[in-house]
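Below is one structure, written out as structure tokens; the observations come after it.
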Amino acid sequence: MQILLVDDHALFRQGLRFLLDDMDDRLSFQEADGLDAAVSAVRSSSGFDLVLMDFHMPGTSGLDALGQFLRAAPGSPVIVLSGEEDPSLIRQAIDAGASGFVPKSASPEVLIAALKLILAGGVYLPPSVLLSGSPGESPERGDEKADLLSERQTSVLLLAVQGKANKVIASELGIAEGTVKAHLSSAFKVLGVRNRTEALIAAAKFGLVPTVEASSL
Numbered sequence: 503m504q505i506l507l508v509d510d511h512a513l514f515r516q517g518l519r520f521l522l523d524d525m526d527d528r529l530s531f532q533e534a535d536g537l538d539a540a541v542s543a544v545r546s547s548s549g550f551d552l553v554l555m556d557f558h559m560p561g562t563s564g565l566d567a568l569g570q571f572l573r574a575a576p577g578s579p580v581i582v583l584s585g586e587e588d589p590s591l592i593r594q595a596i597d598a599g600a601s602g603f604v605p606k607s608a609s610p611e612v613l614i615a616a617l618k619l620i621l622a623g624g625v626y627l628p629p630s631v632l633l634s635g636s637p638g639e640s641p642e643r644g645d646e647k648a649d650l651l652s653e654r655q656t657s658v659l660l661l662a663v664q665g666k667a668n669k670v671i672a673s674e675l676g677i678a679e680g681t682v683k684a685h686l687s688s689a690f691k692v693l694g695v696r697n698r699t700e701a702l703i704a705a706a707k708f709g710l711v712p713t714v715e716a717s718s719l
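Offset between the sequence shown (1-based) and this note's numbering: plus 502.
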């Protein structure tokens, strides 16, 4: 498994390598100290199974760097690492295409569990995001909304929140792309969300996709 570590601090990259080596000794690492080096690494490789990227690196904003990298490596799941835990910032990163967001304050156990979950198609969102739902909405109310989704709507939604394009979802489920759009639109209305980012957060909160909580480790 190929993993790319992107951070402008060599000590932090080395710490990640040391930590992840314990997760699986079959992992292969490549390092990059910035956006340009990360893009070059992608272009000179056959692709990476996972990318861990610092959100704040010199010379570019976090969202710009994330967007540029994802355009260069559209098939690589990118996990954002950041010292910030602002729910609004996390939503923006997910909306930009990140596969997950892990605060640098997370424990090693949480980081490893989160990465395993993301590699398996799950999602990790910090508790600050999962607890920052719509004012006045109770978990019971959320469960009721999730129960209103049809089986097909749920299937389409789960593929969508994994970052898959409508065309890919249509191919995997054997339905028309227009049908995928219709199911997503209906699912969004049921959950009371406006886009895939909000749907991802709602799906995690309502138990439709697996999540990792620090308290469960």
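Cβ atoms here follow ideal geometry from the backbone N, Cα and C, with glycine treated the same way.
Note: Gln504 is bridge-paired with Ser530 in the DSSP secondary-structure output. The residue from Leu617, Lys666 and Val604 with its alpha-carbon nearest to that of Val631 is Val604.
Assignment of Phe571 by DSSP, reduced to helix, strand and coil, places it in the helix class. In this structure, the beta-carbon distance from Ala574 to Val553 does not fall below 7 Å. Considered as a whole, the segment 579–628 harbours 580–584 and 602–605 as its complete beta strand (DSSP E) runs of no fewer than 3 residues, in chain order. The straight-line gap separating the alpha-carbon atoms of Asp510 and Met503 is approximately 23 Å. Taking a C-beta distance under 7 Å as the contact criterion, Leu686 and Ala662 qualify as a contact pair.
Between Gly599 and Ala616 the beta-carbon gap is near 17 Å, outside 8 Å, which marks them as no contact. Apart from the 5 residues on each side of it in sequence, Met559 sits with its Cβ closer than 7 Å to the Cβ of Asp510, Gly536, Leu537 and Ala567 in its chain, given in chain order. Taking C-alpha positions only, Ser584 is separated from Asp551 by approximately 20 Å.
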